[in-house]
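Contents: one structure, followed by commentary.
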Amino acid sequence: MTSTLPGKEEFTFRPSPKQSVFEVTAQEQDVFDETEDSEIKYKTLSWQFVALLMISEIVSNGMLSLPSSLAVIGIVPALILILFLGSFGLFTAKLLIDFKLAHPGVHGMGDAGYIIGGPILREILGAGTIIFAIFATGGELISGQQALSTLSNNGMCSVFLVLIFAAATFLSSLPRTLGSLSWLGLFSTALIVIAGIVGMAGASVNSVPSRVVQATASNTFFEAFLAVTNPVFSYAGHFMFFILISEMKRPQDAMKAAWCLQGFATLFYAVFAVVMYVYIGNTVASPAFLSLPPKWAKAAFAIALGNFLIAGALYIHTAAKLIFVRFFRHTRHISNHTLLGWSTWTGLCFASTTIAFILAVAIPIFSYLIGIAASLFAAWYTYGLAGFFWIHDTYHLKGGREALRNRPIGFTVAILTIAAGAFICVAGTYVSIQLIVDAYKEGLVGVPFTC
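Here my numbering is used: the first residue of the sequence shown is 343, the next is one more, and so on.
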(Lines of atoms letter the chains of each structure in order from A and count residues from 1; the text may use other names and numbers.)
(Lines give C-alpha, C1' and ligand atoms only; values in the text may rest on other atoms or scores of the structure.)
Protein backbone atom coordinates (compact mmCIF):
# COMPACT_ATOMS: atom_id res chain seq x y z
CA MET A 1 0.00 0.00 0.00
CA THR A 2 1.46 3.35 -1.04
CA SER A 3 0.55 6.70 0.46
CA THR A 4 1.82 10.25 0.75
CA LEU A 5 1.72 12.44 3.86
CA PRO A 6 1.24 16.22 3.65
CA GLY A 7 4.69 17.71 3.19
CA LYS A 8 6.32 14.27 3.35
CA GLU A 9 7.95 12.01 0.80
CA GLU A 10 6.05 9.04 -0.59
CA PHE A 11 6.29 5.91 1.53
CA THR A 12 5.25 2.28 1.28
CA PHE A 13 3.10 1.05 4.14
CA ARG A 14 3.70 -2.53 5.31
CA PRO A 15 1.00 -3.96 7.57
CA SER A 16 2.28 -5.75 10.64
CA PRO A 17 1.83 -9.54 10.66
CA LYS A 18 -1.08 -9.23 13.10
CA GLN A 19 -3.10 -6.94 10.81
CA SER A 20 -4.96 -7.57 7.59
CA VAL A 21 -4.87 -4.97 4.82
CA PHE A 22 -8.57 -4.28 5.48
CA GLU A 23 -7.95 -3.63 9.20
CA VAL A 24 -5.02 -1.31 8.46
CA THR A 25 -7.05 0.61 5.88
CA ALA A 26 -9.78 1.18 8.48
CA GLN A 27 -7.19 2.61 10.85
CA GLU A 28 -5.76 4.90 8.15
CA GLN A 29 -9.13 6.52 7.39
CA ASP A 30 -9.67 9.82 9.23
CA VAL A 31 -11.82 9.22 12.27
CA PHE A 32 -14.03 12.23 11.47
CA ASP A 33 -14.79 11.88 7.76
CA GLU A 34 -17.00 14.95 7.59
CA THR A 35 -19.04 16.04 4.58
CA GLU A 36 -21.03 19.15 3.74
CA ASP A 37 -24.12 17.39 5.12
CA SER A 38 -22.53 16.77 8.53
CA GLU A 39 -24.54 18.61 11.17
CA ILE A 40 -21.79 18.40 13.80
CA LYS A 41 -18.39 19.68 12.70
CA TYR A 42 -15.47 18.32 14.73
CA LYS A 43 -12.44 19.50 12.81
CA THR A 44 -12.56 23.14 13.93
CA LEU A 45 -9.67 23.54 16.40
CA SER A 46 -6.73 25.80 15.64
CA TRP A 47 -3.32 24.99 17.08
CA GLN A 48 -3.61 27.99 19.41
CA PHE A 49 -6.75 26.61 21.04
CA VAL A 50 -5.27 23.12 21.23
CA ALA A 51 -2.38 24.63 23.20
CA LEU A 52 -4.80 26.44 25.52
CA LEU A 53 -6.85 23.30 26.15
CA MET A 54 -3.69 21.35 26.93
CA ILE A 55 -2.38 24.06 29.26
CA SER A 56 -5.68 24.28 31.12
CA GLU A 57 -5.69 20.50 31.57
CA ILE A 58 -2.03 19.86 32.41
CA VAL A 59 -1.07 22.94 34.43
CA SER A 60 -4.26 22.73 36.50
CA ASN A 61 -3.18 20.54 39.42
CA GLY A 62 0.38 20.08 38.21
CA MET A 63 1.82 23.32 39.51
CA LEU A 64 0.23 23.09 42.98
CA SER A 65 2.21 19.99 43.96
CA LEU A 66 5.61 21.10 42.69
CA PRO A 67 6.76 23.37 45.58
CA SER A 68 6.56 20.40 47.97
CA SER A 69 8.98 18.53 45.70
CA LEU A 70 11.55 21.29 46.13
CA ALA A 71 11.17 20.89 49.89
CA VAL A 72 12.29 17.27 49.60
CA ILE A 73 15.07 17.29 47.00
CA GLY A 74 16.09 20.98 46.95
CA ILE A 75 15.91 23.77 44.40
CA VAL A 76 18.73 22.74 42.06
CA PRO A 77 17.77 19.08 41.44
CA ALA A 78 14.09 20.01 41.14
CA LEU A 79 14.76 22.75 38.58
CA ILE A 80 16.99 20.44 36.54
CA LEU A 81 14.25 17.82 36.64
CA ILE A 82 11.52 20.27 35.59
CA LEU A 83 13.59 21.53 32.66
CA PHE A 84 14.58 18.02 31.59
CA LEU A 85 11.03 16.67 31.77
CA GLY A 86 9.75 19.66 29.82
CA SER A 87 12.26 18.97 27.05
CA PHE A 88 11.65 15.22 27.19
CA GLY A 89 7.90 15.81 27.02
CA LEU A 90 8.37 17.98 23.94
CA PHE A 91 10.41 15.21 22.29
CA THR A 92 7.83 12.50 23.01
CA ALA A 93 5.06 14.87 21.84
CA LYS A 94 6.88 15.12 18.50
CA LEU A 95 6.94 11.33 18.18
CA LEU A 96 3.23 11.08 19.03
CA ILE A 97 2.32 13.81 16.55
CA ASP A 98 4.36 12.17 13.77
CA PHE A 99 2.57 8.89 14.47
CA LYS A 100 -0.83 10.57 14.32
CA LEU A 101 -0.03 12.30 11.03
CA ALA A 102 1.02 8.96 9.57
CA HIS A 103 -2.17 7.28 10.82
CA PRO A 104 -5.16 9.66 10.53
CA GLY A 105 -7.54 7.00 11.86
CA VAL A 106 -5.88 7.04 15.28
CA HIS A 107 -8.23 8.78 17.70
CA GLY A 108 -6.88 7.50 21.02
CA MET A 109 -4.17 5.38 22.54
CA GLY A 110 -6.29 2.30 21.92
CA ASP A 111 -6.21 2.87 18.15
CA ALA A 112 -2.44 3.37 18.31
CA GLY A 113 -2.12 0.19 20.33
CA TYR A 114 -4.06 -1.71 17.66
CA ILE A 115 -1.60 -0.59 14.99
CA ILE A 116 1.56 -1.48 16.89
CA GLY A 117 0.33 -4.54 18.81
CA GLY A 118 -3.04 -5.82 17.66
CA PRO A 119 -6.46 -6.08 19.34
CA ILE A 120 -5.26 -7.03 22.82
CA LEU A 121 -3.01 -3.98 23.13
CA ARG A 122 -5.87 -1.85 21.76
CA GLU A 123 -8.11 -2.93 24.63
CA ILE A 124 -5.39 -2.43 27.26
CA LEU A 125 -4.40 1.06 26.11
CA GLY A 126 -7.98 2.08 25.38
CA ALA A 127 -9.24 0.99 28.79
CA GLY A 128 -6.21 2.55 30.45
CA THR A 129 -6.92 5.91 28.85
CA ILE A 130 -10.52 5.89 30.05
CA ILE A 131 -9.50 4.78 33.56
CA PHE A 132 -6.83 7.46 33.79
CA ALA A 133 -9.22 10.17 32.53
CA ILE A 134 -11.82 9.21 35.15
CA PHE A 135 -9.21 9.10 37.93
CA ALA A 136 -7.92 12.49 36.80
CA THR A 137 -11.49 13.78 36.98
CA GLY A 138 -11.67 12.53 40.55
CA GLY A 139 -8.50 14.46 41.30
CA GLU A 140 -10.06 17.64 39.93
CA LEU A 141 -13.21 17.01 41.99
CA ILE A 142 -11.08 16.78 45.13
CA SER A 143 -9.28 20.00 44.17
CA GLY A 144 -12.65 21.66 43.67
CA GLN A 145 -13.81 20.42 47.06
CA GLN A 146 -10.65 21.75 48.72
CA ALA A 147 -11.23 25.13 47.10
CA LEU A 148 -14.89 25.24 48.14
CA SER A 149 -14.05 24.10 51.68
CA THR A 150 -11.46 26.87 51.98
CA LEU A 151 -13.88 29.48 50.64
CA SER A 152 -16.68 28.36 52.98
CA ASN A 153 -14.46 27.89 56.05
CA ASN A 154 -15.45 24.21 55.98
CA GLY A 155 -19.06 25.28 56.35
CA MET A 156 -20.49 22.31 54.44
CA CYS A 157 -19.85 18.58 54.40
CA SER A 158 -17.10 17.79 51.89
CA VAL A 159 -19.20 15.05 50.27
CA PHE A 160 -21.87 17.59 49.33
CA LEU A 161 -19.22 19.95 48.00
CA VAL A 162 -17.82 17.20 45.77
CA LEU A 163 -21.36 16.44 44.59
CA ILE A 164 -22.00 20.09 43.70
CA PHE A 165 -18.71 20.36 41.88
CA ALA A 166 -19.32 17.07 40.06
CA ALA A 167 -22.70 18.30 38.81
CA ALA A 168 -21.10 21.47 37.41
CA THR A 169 -18.32 19.39 35.82
CA PHE A 170 -20.86 17.11 34.15
CA LEU A 171 -22.77 20.02 32.63
CA SER A 172 -19.54 21.59 31.35
CA SER A 173 -18.52 18.35 29.61
CA LEU A 174 -21.69 17.98 27.52
CA PRO A 175 -20.73 19.84 24.29
CA ARG A 176 -20.02 17.18 21.67
CA THR A 177 -16.96 18.82 20.12
CA LEU A 178 -13.73 20.11 21.62
CA GLY A 179 -14.18 23.20 19.48
CA SER A 180 -17.22 24.04 21.61
CA LEU A 181 -14.96 23.93 24.67
CA SER A 182 -12.07 25.85 23.11
CA TRP A 183 -12.95 29.27 24.53
CA LEU A 184 -13.25 27.67 27.95
CA GLY A 185 -9.60 26.65 27.46
CA LEU A 186 -8.64 30.30 27.10
CA PHE A 187 -10.66 31.21 30.18
CA SER A 188 -9.22 28.29 32.15
CA THR A 189 -5.62 29.10 31.23
CA ALA A 190 -6.08 32.73 32.28
CA LEU A 191 -7.54 31.61 35.60
CA ILE A 192 -4.73 29.25 36.55
CA VAL A 193 -2.09 31.83 35.58
CA ILE A 194 -3.77 34.54 37.66
CA ALA A 195 -4.27 32.12 40.55
CA GLY A 196 -0.57 31.26 40.43
CA ILE A 197 0.40 34.94 40.45
CA VAL A 198 -1.90 35.59 43.42
CA GLY A 199 -0.40 32.60 45.21
CA MET A 200 3.15 33.83 44.65
CA ALA A 201 2.19 37.33 45.79
CA GLY A 202 0.60 35.90 48.92
CA ALA A 203 3.70 33.85 49.70
CA SER A 204 6.03 36.82 49.23
CA VAL A 205 3.95 39.15 51.41
CA ASN A 206 3.55 36.52 54.12
CA SER A 207 6.90 34.75 54.03
CA VAL A 208 7.67 32.31 56.85
CA PRO A 209 10.39 33.90 59.08
CA SER A 210 11.92 30.60 60.21
CA ARG A 211 11.73 28.91 56.84
CA VAL A 212 14.37 26.43 55.68
CA VAL A 213 15.40 26.66 52.02
CA GLN A 214 17.93 24.22 50.57
CA ALA A 215 19.73 24.17 47.24
CA THR A 216 20.06 20.38 47.49
CA ALA A 217 18.82 17.82 50.00
CA SER A 218 19.70 14.17 50.57
CA ASN A 219 16.94 11.62 51.13
CA THR A 220 16.21 7.93 50.72
CA PHE A 221 15.26 6.62 47.28
CA PHE A 222 11.65 6.27 48.43
CA GLU A 223 11.42 9.87 49.66
CA ALA A 224 13.26 11.27 46.64
CA PHE A 225 11.25 9.40 44.04
CA LEU A 226 8.04 10.25 45.86
CA ALA A 227 8.95 13.91 45.45
CA VAL A 228 10.04 13.33 41.85
CA THR A 229 6.62 11.91 40.92
CA ASN A 230 5.12 15.41 41.21
CA PRO A 231 7.14 16.94 38.34
CA VAL A 232 7.07 13.67 36.38
CA PHE A 233 3.28 13.53 36.30
CA SER A 234 2.86 17.30 36.01
CA TYR A 235 3.49 16.77 32.28
CA ALA A 236 1.18 13.75 32.00
CA GLY A 237 -1.27 15.07 29.43
CA HIS A 238 -0.07 13.34 26.28
CA PHE A 239 -2.91 10.81 26.44
CA MET A 240 -5.15 13.57 25.00
CA PHE A 241 -2.88 14.47 22.07
CA PHE A 242 -4.46 12.08 19.55
CA ILE A 243 -7.97 13.16 20.51
CA LEU A 244 -7.16 16.85 20.19
CA ILE A 245 -5.29 16.50 16.90
CA SER A 246 -8.24 14.54 15.47
CA GLU A 247 -10.37 17.69 15.82
CA MET A 248 -7.82 20.15 14.39
CA LYS A 249 -8.43 22.02 11.16
CA ARG A 250 -4.76 21.52 10.29
CA PRO A 251 -3.24 18.55 12.12
CA GLN A 252 0.10 19.50 10.56
CA ASP A 253 0.21 22.46 12.99
CA ALA A 254 0.03 20.25 16.08
CA MET A 255 3.72 20.65 16.85
CA LYS A 256 3.22 24.39 17.26
CA ALA A 257 0.71 23.62 20.03
CA ALA A 258 3.20 21.23 21.65
CA TRP A 259 5.95 23.88 21.65
CA CYS A 260 3.57 26.39 23.21
CA LEU A 261 2.36 23.90 25.83
CA GLN A 262 5.75 22.60 26.93
CA GLY A 263 7.43 26.00 26.84
CA PHE A 264 4.73 27.67 28.92
CA ALA A 265 4.32 24.78 31.37
CA THR A 266 8.06 24.43 31.98
CA LEU A 267 8.61 28.15 32.58
CA PHE A 268 5.53 28.57 34.74
CA TYR A 269 6.25 25.43 36.76
CA ALA A 270 9.81 26.56 37.47
CA VAL A 271 8.88 30.10 38.51
CA PHE A 272 5.89 29.11 40.64
CA ALA A 273 7.67 26.25 42.41
CA VAL A 274 10.78 28.31 43.24
CA VAL A 275 8.88 31.39 44.44
CA MET A 276 6.51 29.43 46.66
CA TYR A 277 9.33 27.35 48.14
CA VAL A 278 11.70 30.26 48.70
CA TYR A 279 9.11 32.25 50.68
CA ILE A 280 7.45 29.35 52.55
CA GLY A 281 10.32 26.90 52.94
CA ASN A 282 10.25 23.18 53.60
CA THR A 283 6.85 23.34 55.32
CA VAL A 284 5.09 24.16 52.02
CA ALA A 285 1.98 22.03 51.61
CA SER A 286 0.54 20.21 48.63
CA PRO A 287 -1.50 21.82 47.15
CA ALA A 288 0.68 24.87 47.77
CA PHE A 289 -2.25 27.28 48.25
CA LEU A 290 -2.99 25.58 51.60
CA SER A 291 0.24 27.12 52.93
CA LEU A 292 -1.05 30.67 52.41
CA PRO A 293 -2.86 32.77 55.05
CA PRO A 294 -6.67 32.30 54.89
CA LYS A 295 -7.43 35.46 52.88
CA TRP A 296 -4.75 34.76 50.29
CA ALA A 297 -5.67 31.07 50.11
CA LYS A 298 -9.31 31.98 49.51
CA ALA A 299 -8.39 34.44 46.77
CA ALA A 300 -6.11 31.94 44.99
CA PHE A 301 -8.55 29.04 45.28
CA ALA A 302 -11.50 31.18 44.16
CA ILE A 303 -9.67 32.10 40.97
CA ALA A 304 -8.39 28.57 40.34
CA LEU A 305 -11.81 27.02 40.92
CA GLY A 306 -12.89 27.65 37.32
CA ASN A 307 -9.75 25.95 36.06
CA PHE A 308 -10.42 22.85 38.18
CA LEU A 309 -13.93 22.75 36.75
CA ILE A 310 -12.87 23.04 33.10
CA ALA A 311 -10.00 20.57 33.49
CA GLY A 312 -12.40 18.04 35.01
CA ALA A 313 -14.85 18.64 32.15
CA LEU A 314 -12.07 17.98 29.61
CA TYR A 315 -11.24 14.67 31.30
CA ILE A 316 -14.90 13.63 31.32
CA HIS A 317 -15.24 14.70 27.69
CA THR A 318 -12.18 12.61 26.82
CA ALA A 319 -13.44 9.45 28.53
CA ALA A 320 -16.89 9.79 26.96
CA LYS A 321 -15.52 10.68 23.50
CA LEU A 322 -13.29 7.60 23.38
CA ILE A 323 -16.19 5.25 24.11
CA PHE A 324 -18.58 7.17 21.86
CA VAL A 325 -16.25 7.03 18.87
CA ARG A 326 -15.58 3.34 19.54
CA PHE A 327 -19.33 2.67 19.35
CA PHE A 328 -20.26 4.92 16.43
CA ARG A 329 -17.11 5.44 14.32
CA HIS A 330 -18.06 6.21 10.71
CA THR A 331 -21.81 6.20 11.42
CA ARG A 332 -24.30 9.05 11.12
CA HIS A 333 -24.55 9.24 14.92
CA ILE A 334 -21.09 10.83 15.02
CA SER A 335 -21.78 13.78 12.76
CA ASN A 336 -25.56 14.21 12.98
CA HIS A 337 -28.04 15.10 15.70
CA THR A 338 -29.71 11.76 16.41
CA LEU A 339 -31.65 10.67 19.46
CA LEU A 340 -29.42 7.62 19.93
CA GLY A 341 -26.26 9.71 19.51
CA TRP A 342 -27.21 12.40 22.01
CA SER A 343 -28.71 10.03 24.57
CA THR A 344 -25.60 7.83 24.42
CA TRP A 345 -23.29 10.84 24.69
CA THR A 346 -25.16 12.28 27.66
CA GLY A 347 -25.25 8.89 29.35
CA LEU A 348 -21.50 8.40 28.89
CA CYS A 349 -20.70 11.83 30.35
CA PHE A 350 -23.03 11.18 33.28
CA ALA A 351 -21.64 7.70 33.93
CA SER A 352 -18.03 8.94 33.81
CA THR A 353 -18.80 11.79 36.22
CA THR A 354 -20.69 9.48 38.57
CA ILE A 355 -17.83 6.98 38.70
CA ALA A 356 -15.33 9.78 39.37
CA PHE A 357 -17.56 11.14 42.15
CA ILE A 358 -17.94 7.73 43.80
CA LEU A 359 -14.20 7.10 43.62
CA ALA A 360 -13.45 10.50 45.16
CA VAL A 361 -15.79 10.16 48.15
CA ALA A 362 -16.09 6.40 48.70
CA ILE A 363 -12.43 5.32 48.60
CA PRO A 364 -10.37 6.77 51.46
CA ILE A 365 -7.11 5.98 49.65
CA PHE A 366 -8.25 7.49 46.35
CA SER A 367 -5.49 10.11 46.27
CA TYR A 368 -2.96 7.27 46.42
CA LEU A 369 -4.80 5.35 43.68
CA ILE A 370 -4.42 8.36 41.40
CA GLY A 371 -0.66 7.89 41.78
CA ILE A 372 -0.98 4.23 40.81
CA ALA A 373 -3.11 5.07 37.77
CA ALA A 374 -0.61 7.73 36.71
CA SER A 375 2.28 5.30 37.11
CA LEU A 376 0.60 2.46 35.23
CA PHE A 377 -0.78 4.51 32.35
CA ALA A 378 0.46 8.11 32.18
CA ALA A 379 4.08 6.99 32.41
CA TRP A 380 3.58 5.10 29.15
CA TYR A 381 1.28 7.58 27.41
CA THR A 382 3.56 10.55 28.10
CA TYR A 383 6.95 8.87 27.81
CA GLY A 384 7.42 5.19 27.00
CA LEU A 385 4.98 4.51 24.15
CA ALA A 386 6.54 7.24 22.00
CA GLY A 387 9.59 5.02 21.56
CA PHE A 388 7.44 2.16 20.30
CA PHE A 389 5.67 4.52 17.86
CA TRP A 390 8.99 5.66 16.38
CA ILE A 391 10.28 2.09 15.98
CA HIS A 392 7.02 0.91 14.40
CA ASP A 393 6.79 3.66 11.82
CA THR A 394 10.48 3.63 11.01
CA TYR A 395 10.27 -0.12 10.37
CA HIS A 396 6.97 -0.19 8.47
CA LEU A 397 7.10 3.11 6.62
CA LYS A 398 10.77 3.66 5.91
CA GLY A 399 12.32 0.35 4.95
CA GLY A 400 12.17 -2.34 7.62
CA ARG A 401 15.24 -3.50 9.53
CA GLU A 402 17.54 -1.65 7.19
CA ALA A 403 15.85 1.62 8.14
CA LEU A 404 16.45 0.91 11.83
CA ARG A 405 20.09 0.00 11.20
CA ASN A 406 20.60 3.23 9.28
CA ARG A 407 19.29 5.27 12.25
CA PRO A 408 21.35 4.06 15.24
CA ILE A 409 20.95 7.29 17.23
CA GLY A 410 17.20 7.44 16.73
CA PHE A 411 16.83 3.75 17.58
CA THR A 412 18.93 4.13 20.73
CA VAL A 413 16.92 7.14 21.89
CA ALA A 414 13.67 5.24 21.22
CA ILE A 415 14.87 2.33 23.36
CA LEU A 416 15.91 4.71 26.14
CA THR A 417 12.48 6.37 25.93
CA ILE A 418 10.80 2.99 26.38
CA ALA A 419 13.13 2.21 29.30
CA ALA A 420 12.30 5.56 30.93
CA GLY A 421 8.58 4.82 30.70
CA ALA A 422 9.12 1.37 32.20
CA PHE A 423 11.20 2.74 35.07
CA ILE A 424 8.67 5.46 35.92
CA CYS A 425 5.86 2.90 35.75
CA VAL A 426 7.52 0.37 38.06
CA ALA A 427 9.06 2.83 40.53
CA GLY A 428 5.95 5.01 40.65
CA THR A 429 3.71 2.03 41.29
CA TYR A 430 6.02 0.80 44.06
CA VAL A 431 6.07 4.19 45.75
CA SER A 432 2.28 4.55 45.54
CA ILE A 433 1.66 1.09 47.00
CA GLN A 434 4.16 1.74 49.80
CA LEU A 435 2.34 4.98 50.61
CA ILE A 436 -0.91 3.06 50.99
CA VAL A 437 0.75 0.51 53.29
CA ASP A 438 2.27 3.29 55.42
CA ALA A 439 -1.04 5.17 55.57
CA TYR A 440 -2.83 2.11 56.96
CA LYS A 441 -0.04 1.48 59.46
CA GLU A 442 -0.19 5.06 60.74
CA GLY A 443 -3.99 5.15 60.88
CA LEU A 444 -4.26 7.91 58.30
CA VAL A 445 -6.95 6.21 56.22
CA GLY A 446 -10.43 7.53 56.84
CA VAL A 447 -13.82 5.99 56.14
CA PRO A 448 -16.01 6.36 53.04
CA PHE A 449 -18.59 9.12 52.62
CA THR A 450 -17.49 11.17 55.62
CA CYS A 451 -17.25 14.91 55.93
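Note that CB positions come from ideal geometry on N, CA and C, so glycine has one too.
Note that the structure is predicted; figures quoted are calculated from it, not measured.
Cβ-based neighbour list, residue i, same chain, cut-off 7 angstroms, excluding 5 preceding and 5 following
i: isoleucine 707; result: Ile778, Ala781 and Val787
i: alanine 721; result: Gly763, Ile766, Cys767 and Gly770
i: phenylalanine 666; result: Thr686, Trp687 and Leu690
i: phenylalanine 699; result: Leu483, Val504, Leu505 and Ala508
i: isoleucine 536; result: Ile645
i: phenylalanine 567; result: Ala769 and Val773
i: alanine 599; result: Trp389, Val392, Ala393 and Met396
i: isoleucine 697; result: Ile476
i: glutamine 487; result: Ser500, Leu503, Val504 and Phe507
Residue i to residue j span [Cα, whole Å]
i: histidine 545; j: valine 574; result: Residue identity check: residue 545 is alanine in the sequence provided, not histidine. Going by the C-alpha atoms only, they are around 24 angstroms apart.
i: isoleucine 397; j: leucine 520; result: 14 angstroms
i: valine 768; j: histidine 580; result: 19 angstroms
i: serine 345; j: proline 446; result: Summary for serine 345: the model assigns pLDDT 39, below 50, so the residue's position carries little reliability, and this model does not support an answer.
i: alanine 745; j: phenylalanine 731; result: 14 angstroms
i: phenylalanine 650; j: serine 485; result: 7 angstroms
i: histidine 679; j: arginine 518; result: 10 angstroms
i: glycine 741; j: serine 522; result: 41 angstroms
i: alanine 702; j: glycine 497; result: 19 angstroms
i: glutamine 390; j: tyrosine 384; result: 16 angstroms
i: aspartate 595; j: serine 524; result: 16 angstroms
i: aspartate 453; j: glycine 713; result: 25 angstroms
i: serine 560; j: leucine 526; result: 42 angstroms
i: cysteine 793; j: serine 500; result: 5 angstroms
i: threonine 754; j: arginine 743; result: 14 angstroms
i: proline 750; j: alanine 756; result: 10 angstroms
i: lysine 800; j: isoleucine 422; result: Given a span of 343 to 793 for the chain in the structure shown, any question on residue 800 remains unanswerable.
i: arginine 747; j: isoleucine 760; result: 18 angstroms
i: leucine 711; j: lysine 783; result: 17 angstroms
Nearest to residue i (by Cα), restricted to the options the options
i: histidine 738; options: Thr386, Ile457, Ala420 and Ala599; result: Ile457
i: glycine 726; options: Leu503, Phe765, Leu528 and Thr771; result: Phe765
i: proline 629; options: Phe391, Leu406 and Leu387; result: Leu406
i: tyrosine 619; options: Arg553, Val504 and Ala702; result: Arg553
i: phenylalanine 643; options: Thr377, Lys436, Asp379 and Ala489; result: Ala489
i: glycine 468; options: Ala662, Ile712, Gly785 and Arg743; result: Ala662
i: phenylalanine 583; options: Ile382, Leu438 and Gln390; result: Leu438
i: threonine 511; options: Gly683, Gly648 and Thr673; result: Gly648
i: glutamate 378; options: Trp684, Arg674 and Val755; result: Arg674
i: alanine 641; options: Asn748, Ile422 and Ala543; result: Ala543
i: arginine 668; options: Leu421, Leu528, Ile585 and Phe529; result: Ile585
i: leucine 664; options: Gly785, Arg464 and Ala761; result: Arg464
i: histidine 442; options: Val613, Ile697, Met597 and Phe692; result: Looking at the sequence itself, residue 442 is lysine, so the reference to histidine does not match. Minimum Cα distance to lysine 442 is reached at Met597.
i: lysine 637; options: Pro419, Asn495, Gln487 and Ala420; result: Asn495
i: aspartate 440; options: Ile587, Leu681 and Pro419; result: Ile587
Contacts around residue i, its chain only, beta-carbon distance under 8 angstroms, and the 5 residues preceding and following it disregarded
i: threonine 758; result: Checking the sequence shown, residue 758 turns out to be leucine, not threonine. These residues qualify, in order along the chain: Gly729.
i: isoleucine 382; result: Arg518, Thr519, Ile676, Ser677, Asn678 and His679
i: tryptophan 601; result: Leu432
i: glutamine 776; result: Phe564
i: valine 550; result: Tyr621, Ile622, Gly623 and Thr625
i: serine 709; result: Gly481 and Ile484
i: phenylalanine 692; result: Phe512
Whole-number beta carbon distance between residue j and residue i, since they are thought to touch under 8 angstroms
i: isoleucine 415; j: alanine 557; result: With 8 angstroms as the limit, isoleucine 415 and alanine 557 do not qualify as a contact, their Cβ atoms being about 10 angstroms apart.
i: glycine 541; j: leucine 634; result: 6 angstroms
i: alanine 435; j: aspartate 735; result: 15 angstroms between Cβ atoms; not a contact.
i: phenylalanine 564; j: alanine 715; result: With a Cβ gap of about 20 angstroms, phenylalanine 564 and alanine 715 do not count as contacting.
i: glycine 717; j: serine 774; result: It is serine, not glycine, that sits at residue 717 in the sequence shown. Rounded, the Cβ-Cβ distance is 6 angstroms, consistent with contact.
i: serine 408; j: glutamate 589; result: Here residue 408 is leucine; the residue named in the question, serine, does not match the sequence. About 30 angstroms separates the two Cβ atoms, so there is no contact after all.
i: isoleucine 424; j: tyrosine 611; result: 5 angstroms
i: threonine 724; j: alanine 578; result: 5 angstroms
i: valine 626; j: serine 402; result: Actually they are not in contact, since the Cβ atoms of valine 626 and serine 402 sit about 19 angstroms apart, beyond 8 angstroms.
i: serine 514; j: isoleucine 652; result: 6 angstroms
i: glycine 683; j: phenylalanine 670; result: 7 angstroms
i: proline 593; j: alanine 704; result: About 40 angstroms separates the two Cβ atoms, so there is no contact after all.
i: leucine 603; j: isoleucine 400; result: 7 angstroms
6 angstroms Cβ shell around residue i - same chain, five flanking residues per side excluded
i: alanine 639; result: Thr492 and Phe631
i: threonine 531; result: Leu394, Ile397 and Ser398
i: asparagine 548; result: Pro635
i: alanine 615; result: Leu408, Pro409 and Leu412
i: glycine 404; result: Ser576
i: serine 380; result: Ser677
i: asparagine 572; result: Ser407, Leu408 and Ser411
i: alanine 368; result: Note that alanine 368 has pLDDT 45, beneath the 50 cutoff, so the model's placement of it is unreliable and no number is given.
i: alanine 569; result: Ser411, Val414 and Ile415
i: glycine 455; result: Leu463, Arg464 and Leu467
i: phenylalanine 719; result: Gly470 and Phe474
i: leucine 528; result: Leu394
Counting Cβ pairs, one atom from each stretch, are 3 or more of them under 8 angstroms apart for the region 600-609 and the region 421-428?
yes
Report yes or no: do the region 658-670 and the region 472-481 share at least 3 C-beta pairs separated by less than 8 angstroms?
yes
Pair every Cβ in the region 503-516 with every Cβ in the region 374-381, then say whether three or more of these pairs are closer than 8 angstroms.
no
Can we say the region 612-626 touches the region 449-465, given the rule of at least three CB pairs closer than 8 angstroms?
no
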